Amino acid sequence: DAADILRPVFDATGGQDGRVSIEVDPRLAHNTDATIAEAKQLAWLVDRPNTLIKIPATRAGLPAITEVISKGISVNVTLIFSLERYREVMDAYLAGLEKAKAAGLDLSTIHSVASFFVSRVDTEIDKRLAKLGTDEALALKGKAALANARLAFEAYEEVFSGERWAALDKAQANKQRPLWASTGVKDPAYKDTLYVDELVA
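Residue numbers (my numbering): 2 to 202.
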């Protein structure tokens with residue numbers, strides 16, 4: 002029902018917005034083959050062009066992302082926390098597009114977002130800074146997550162302006178858009194809109 006309700010937005014934006022995400026069973030997060038099988042089944046069962054299948058960015062999830070994208074299924078990659086893993090996610094997406102292109106699929110119909118988690122990074126780093134307890138350490142609280150997100154965006158701009166992307170862009174492929182997830186603050190000492198304000202700026 003949600004996919005049908007949002008279909009007008011999907012149509013009006015050329016498929017960029019108006020999408021609904023459906024999650025692969027989290028218990029399959031470390032099983033590549035099972036993740037691929039369920040992603041394909043979910044896409045077949047829902048059978049709507051404006052759906053994204055959610056696949057976590059685990060080690061086992063990376064090859065699953067490539068395979069699912071290569072079959073023309075759009076994906077929302079979730080649970081990305083580090084810059085290193087984000088680069089691996091973008092590589093998995095590009096590899097999937099390259100396979101889809103080789104198979105003769107219409108790349109313009111394949112979409113993906115990379116859900117990069119923000120506030121939970123500060124939750125962990127702030128604990129470590131508090132344990133150090135020095136003035137220098139405490140002054141860094143609440144800053145790691147935004148720094149991490151800014152580096153991620155720089156990586157996105159780098160990857161999607163390079164030669165590898167250029168070949169896919171000519172084939173009408175869509176960039177994998179970053180999606181800032183977990184932007185609600187976890188520490189009551191921080192302004193409610195801390196992450197949203199900074200990321201928009």
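Glycine residues also receive a C-beta, built at the ideal position from the N, C-alpha and C atoms. Computed from a predicted model, the values in this text were never measured in an experiment.
Inter-residue spacing [alpha-carbon to alpha-carbon] between residue i and residue j
i: L95; j: T135; result: 43 angstroms
i: E68; j: D92; result: 12 angstroms
i: A44; j: S75; result: 9 angstroms
i: G163; j: L133; result: 41 angstroms
i: V47; j: E159; result: 34 angstroms
i: V10; j: D18; result: 6 angstroms
i: A115; j: G62; result: 13 angstroms
i: P27; j: S71; result: 22 angstroms
i: N149; j: S83; result: 7 angstroms
i: E24; j: T36; result: 10 angstroms
i: H31; j: F117; result: 19 angstroms
Buried/exposed call for residue i, threshold 16 Cβ in 10 Å
i: K128; result: exposed
i: Q177; result: buried
i: E155; result: exposed
i: L1; result: In the structure as shown, the chain begins at 2 and stops at 202. Residue 1 is therefore absent and cannot be evaluated.
i: L147; result: buried
i: I54; result: buried
i: S113; result: buried
i: T194; result: exposed
i: R86; result: buried
i: I66; result: buried
i: P189; result: exposed
Reference residue i, options the options, closest by Cα
i: G15; options: V76, Q173 and R86; result: Q173
i: K142; options: L98, V122, R151 and L152; result: V122
i: R165; options: Y191, L106, L98 and V114; result: L98
i: S33; options: D12, R60, K100 and E24; result: Residue identity differs from the one stated: residue 33 is Thr in this sequence, not Ser. When each option's Cα is compared against that of T33, the closest is R60.
i: L152; options: G73, P179 and A40; result: P179
i: K144; options: P64, L200 and A38; result: L200
i: K171; options: S22, A58, R88 and D107; result: D107
Proximity test, residue i beta-carbon vs the ligand GTP heavy atom, cut-off 7 angstroms
i: D12; result: In the structure shown, the ligand GTP is absent, as is every other ligand, since no ligand is present at all.
For residue i: DSSP bridge partner residues
i: P189; result: DSSP lists no partner for P189.
i: R8; result: R8 pairs with nothing; no bridge assigned.
i: I54; result: I23 and V76
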